[in-house]
Amino acid sequence: MNTHFKNARLIDPETGTDILGDLFVAHGVIADSCKADEVVDCGGKCLAPGIVDIGVKVSEPGERHKESFASAGRAAVAGGITTIVTRPDTSPAIDTPETLEFVERRASNDAAVNVLPMAALTKERAGKEMTEIGFLMDAGAAAFTDCDRVVTNTKVFSRVLTYAHSLGALVIGHVQEPGLSAGGSVTSGKFATLRGLSGVSPMAERMGLDRDIALLEMTGAAYHVDQITTARALPALERAKANGLNITAGVGIHHLTLNEMDVADYRTFFKLKPPLRSEDDRLAVVEAVASGLIDIISSMHTPQDEESKRLPFEEAASGAVALETLLPAALRLVHAGHIDLPHLFRALALNPANRLGLSCGRLSIGAPADLVLFDPDVSWKLDRSKLLSKSKNTPFDEAILQGKVIATYVGGVNKTESLANA
Amino acid sequence: MTFRAPHLLGIEHLHPTEITTLLDLADKYAEDNRKGRAHRNVLEGMTQINMFFENSTRTQASFEIAGKRLGADVMNMAMQASSIKKGETLIDTALTLNAMRPDLLVVRHPNSGAVDLLAQKVNCAVLNAGDGRHEHPTQALLDALTIRRAKGRLHRLSIAICGDVAHSRVARSNIMLLGKMENRVRLVGPPTLLPSGVEEFGVEVFHDMREGLKDVDVVMMLRLQKERMDGGFIPSEREYFHRYGLDAEKLSHAKDDAIVMHPGPMNRGVEIDGTIADDINRSVIQEQVEMGVAVRMAAMDLLAQNLRAKRGAKAAGVMV
Numbered sequence: 169m170n171t172h173f174k175n176a177r178l179i180d181p182e183t184g185t186d187i188l189g190d191l192f193v194a195h196g197v198i199a200d201s202c203k204a205d206e207v208v209d210c211g212g213k214c215l216a217p218g219i220v221d222i223g224v225k226v227s228e229p230g231e232r233h234k235e236s237f238a239s240a241g242r243a244a245v246a247g248g249i250t251t252i253v254t255r256p257d258t259s260p261a262i263d264t265p266e267t268l269e270f271v272e273r274r275a276s277n278d279a280a281v282n283v284l285p286m287a288a289l290t291k292e293r294a295g296k297e298m299t300e301i302g303f304l305m306d307a308g309a310a311a312f313t314d315c316d317r318v319v320t321n322t323k324v325f326s327r328v329l330t331y332a333h334s335l336g337a338l339v340i341g342h343v344q345e346p347g348l349s350a351g352g353s354v355t356s357g358k359f360a361t362l363r364g365l366s367g368v369s370p371m372a373e374r375m376g377l378d379r380d381i382a383l384l385e386m387t388g389a390a391y392h393v394d395q396i397t398t399a400r401a402l403p404a405l406e407r408a409k410a411n412g413l414n415i416t417a418g419v420g421i422h423h424l425t426l427n428e429m430d431v432a433d434y435r436t437f438f439k440l441k442p443p444l445r446s447e448d449d450r451l452a453v454v455e456a457v458a459s460g461l462i463d464i465i466s467s468m469h470t471p472q473d474e475e476s477k478r479l480p481f482e483e484a485a486s487g488a489v490a491l492e493t494l495l496p497a498a499l500r501l502v503h504a505g506h507i508d509l510p511h512l513f514r515a516l517a518l519n520p521a522n523r524l525g526l527s528c529g530r531l532s533i534g535a536p537a538d539l540v541l542f543d544p545d546v547s548w549k550l551d552r553s554k555l556l557s558k559s560k561n562t563p564f565d566e567a568i569l570q571g572k573v574i575a576t577y578v579g580g581v582n583k584t585e586s587l588a589n590a
Numbered sequence: 140m141t142f143r144a145p146h147l148l149g150i151e152h153l154h155p156t157e158i159t160t161l162l163d164l165a166d167k168y169a170e171d172n173r174k175g176r177a178h179r180n181v182l183e184g185m186t187q188i189n190m191f192f193e194n195s196t197r198t199q200a201s202f203e204i205a206g207k208r209l210g211a212d213v214m215n216m217a218m219q220a221s222s223i224k225k226g227e228t229l230i231d232t233a234l235t236l237n238a239m240r241p242d243l244l245v246v247r248h249p250n251s252g253a254v255d256l257l258a259q260k261v262n263c264a265v266l267n268a269g270d271g272r273h274e275h276p277t278q279a280l281l282d283a284l285t286i287r288r289a290k291g292r293l294h295r296l297s298i299a300i301c302g303d304v305a306h307s308r309v310a311r312s313n314i315m316l317l318g319k320m321e322n323r324v325r326l327v328g329p330p331t332l333l334p335s336g337v338e339e340f341g342v343e344v345f346h347d348m349r350e351g352l353k354d355v356d357v358v359m360m361l362r363l364q365k366e367r368m369d370g371g372f373i374p375s376e377r378e379y380f381h382r383y384g385l386d387a388e389k390l391s392h393a394k395d396d397a398i399v400m401h402p403g404p405m406n407r408g409v410e411i412d413g414t415i416a417d418d419i420n421r422s423v424i425q426e427q428v429e430m431g432v433a434v435r436m437a438a439m440d441l442l443a444q445n446l447r448a449k450r451g452a453k454a455a456g457v458m459v
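Top line first, the protein sequences correspond to chains D and E. Heads up: the first sequence begins at 169 in our numbering, then just goes up one per residue. Heads up: the second sequence begins at 140 in our numbering, then just goes up one per residue.
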């Protein structure tokens, strides 16, 4: 199946261009021309590389009622995401080649998008013994992470980083000084005090980052910070990059578009880990994304059922679903003038693809035809009951969003259409 | 109606006129209580359930007496021993109780915001008897009434709140109430016991007790929980008493007619010297307990009026 997209507003993060033109897809890859079986008139709407989303929680194995590969795949297609890089913080954790193979099998049977599973860095994510990093890489692990758990024992962590470095494995860390942030459910400050909730100091993030940077100097490992959410952590990140360390950083979409005040009267759908920050922090992090200091924007998609959210705030589970809202929420940054579309897709598609050594995330000839066609301007109101994720824990319920996906193509196949017809 | 709220969840959302309305009514009840005049028709036929998910003797007794004096049928549920232990969620507990059709629900819970959550799920009036570190509105109201009666006004006073502000819901409610009524509030305590961002609440912060008490009209002491005295927040009990315990010498920096308050239960010799607590010329601690009953009577009276109005309107098919 060869497709000719005409009259498309081509958003190419690699060249940094945003121009009207044509795009050809032959045999699932982007080509310079083709004998088209189908011509798609894009009507001047945006055609961009599909989003590569690092850090998606699919609740298989263990909690399939919260999210399955089938439902996550549908949600990803609806959100313009063509590759999901899944987290190993399932039950049990993905810490052996056998469990990884289970995930790959489930994903290839059920998911409508590309799925790249990550594996745990330490057994049971307990921070004590390293997993079989070599075997797991052979089995297809895209990266290694203990997710929101910090390997507190620096000796263990330095050995894991050293070993991972020898195999060329990418390690993804959560930067947090766990002692300082213990027990907190919101960011410390006026709002936490007003609500009587115990706070996480923003300084805990910088301390965690400082430690990990020191370990990178020691070990030379390839390292990605899952989420930088505070202004105080940014200078350290900038220095580490300037010093030539193999470090990149990400941020979750909610920390770019919401702040601590959105928690309001104990709204648990706004309970995240790390917690939502002050408006000053949010703006600093947005600026860091625009400047490229922060490389990657993720959904940090975390499905939770109603029961785990309908609890007193401190007892409620953390996390929010975001596969379907990642792009519309990220477009808020474009509409607010913080960033242009090619730069946004650098953070959503090109940079994560490059970090994982993937050839997608760009519109160049020969790249896989993983594409998203979207209207950046149409506004709509989100109704959480209509989400395709099994879990509906979105902080954007009833929010007005601007920008909507028209179609998502994976390997040149229109998945929006094929799912609708399935 | 100058008191419109359907629940009493906190001071934060009360308007100054609502506070004044409630205190005026409480003042009347305080006088009637002293005269032994009963008002058993006010809550007649109404059911009040006290749900305490956290231990309490004084507050629970105060709410029980207040309800009985107004003629309510009062029931106490010891929630620590009940279905919560069997894994039932707070919302299920609320729905179960709601099905029994109570009129007034008095709730104390160890989690901040838990009482707000519960109030969303029931059809009756909810009174917050303390939620986590968040609010304890009836305590702040009874403190306000005590101050108003002792000082003759509740504005342009200088009030020092001393001790463990960080873990205190009493302090939060008081800071808000006293601020709304246009008083100058000072917080006095070691920095480890003051919450972050508190300077932004329009208060003055002092780490030195003598400076903090200088020329104040009211000294409000807070209880220091035993578990915080072990070196985690302060070095020791004796160092705390030396630096922050209220004794005659430190009190001498306040105005000569300054009153001393404490929400109880007191740790004599930790945050307050026994002789100060018992000094009838300075201490209004017993009066606070007495005003507690009157304030809770007033709060339940007003909420019951609003509840009846709402139900009446609903029965008549009117939107309110």
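Ideal placement from N, C-alpha and C gives every residue a C-beta, glycine not left out.
Query	Result
Contacts that Asp-473(D) makes with chain E (C-beta to C-beta distance below 8 Å)	Result: empty, since nearest Cβ-Cβ is about 12 Å, beyond 8 Å.
Within 8 Å, strictly: CB atoms of Gln-427(E) and Thr-285(E)	yes
Cβ-Cβ separation, Ile-301(D) to Ala-337(D) (assumed contact under 8 Å), whole Å	5 Å
Minimum Cβ-Cβ distance from Pro-334(E) to chain D less than 8 Å	yes
Inter-residue Cα distance where the pair is Ala-332(D) and Ala-350(D)	28 Å
Alpha-carbon to alpha-carbon, Pro-520(D) and Phe-270(D)	24 Å
Candidates Leu-191(D), Ala-485(D), Val-546(D), Lys-558(D): closest to His-233(D) by CA position	Lys-558(D)
DSSP state of Val-226(D) mapped onto helix, strand, coil	coil
Residue-level contact to chain D via CB, Asp-255(E), 8 Å cutoff	yes
Proximity below 8 Å, CB of Asp-356(E) to CB of Leu-296(E)	yes
Residues of its chain near Asp-242(E), where Cβ-Cβ distance is below 8 Å and the 5 sequence neighbours each way are ignored	Leu-182, Met-185, Thr-186, Gln-187, Ala-211, Cys-263, Ala-264, Ala-443, Leu-446
Contact set between Ile-230(E) and chain D, taken where Cβ atoms lie within less than 7 Å	Arg-478
Those residues which DSSP pairs with Arg-325(E) across a bridge	Ala-299(E), Glu-343(E)
CB contact flag (Ala-199(D), Ile-533(D), <8 Å)	yes
Which listed residue (Leu-268(D), Asp-186(D), Pro-256(D), Ala-243(D)) has its alpha carbon closest to that of Ala-294(D)	Pro-256(D)
Short-range partners of chain E found in the region 352-372 of chain D, where Cβ spacing is below 8 Å	Ser-356, Gly-357, Lys-358, Phe-359, Ala-360, Thr-361, Leu-362, Arg-363, Gly-364, Leu-365, Ser-366, Gly-367, Ser-369
Reduced DSSP category for Gln-395(D) - H, G, I as helix; E, B as strand; rest coil	coil
Beta-bridge pairing of Tyr-577(D) - partner residues as DSSP gives them	Leu-539(D), Asn-582(D)
Test: Asp-433(D) CB closer than 8 Å to a CB of chain E	yes
Distance between beta carbons of Asp-430(D) and Pro-563(D), contact taken as under 8 Å	7 Å
Element boundaries [alpha helix (DSSP H), containing Lys-560(D)]	Unbroken run through Lys-560(D): none, as it is neither H nor E.
Neighbour flag for Glu-482(D) against chain E, beta carbons, 8 Å	yes
Per-residue contacts from Glu-339(E) into chain D (C-beta, under 7 Å)	Lys-358
Anticipated Cβ contact below 8 Å, Glu-482(D) with Ser-586(D), distance rounded	Actually they are not in contact, since the Cβ atoms of Glu-482(D) and Ser-586(D) sit about 44 Å apart, beyond 8 Å.
Contact check, Ala-155(D) vs Leu-215(D), beta carbons under 8 Å	Outside the modelled stretch of chain D, which goes from 169 to 590, sits residue 155(D), for which no answer is possible.
Where the beta strand (DSSP E) containing Ala-417(D) begins and where it ends	415-420
His-273(E) and Gly-367(D) closer than 8 Å at C-beta	no
Proximity test, Cβ basis, 8 Å: Gly-175(E) and chain D	no
Cβ-based contacts, 8 Å cut-off: residues of the region 236-262 of chain E near chain D	His-248, Asn-250, Ser-251, Gly-252, Ala-253, Asp-255, Leu-256
Integer-rounded CB distance, given that Val-245(E) should sit under 8 Å from Phe-202(E)	5 Å
Backbone CA spacing between Asp-565(D) and Asp-551(D) [nearest angstrom]	6 Å
Beta strand (DSSP E) segment containing Ala-194(D), residue limits	185-194
Whole-angstrom distance between Gly-318(E) and Ile-419(E), CA atom to CA atom	28 Å
Candidates Asp-314(D), Ala-311(D), Arg-435(D), Leu-284(D), of which the one nearest Ile-249(D) by Cα	Leu-284(D)
7 Å CB neighbourhood of Pro-345(D) in its chain, flanking five on each side removed	Looking at the sequence provided, one finds Glu at residue 345(D) rather than Pro. Cβ within range, chain order: Ala-372, Met-375, Gly-376.
Arg-197(E) beta carbon less than 8 Å from that of Gly-451(E)	no
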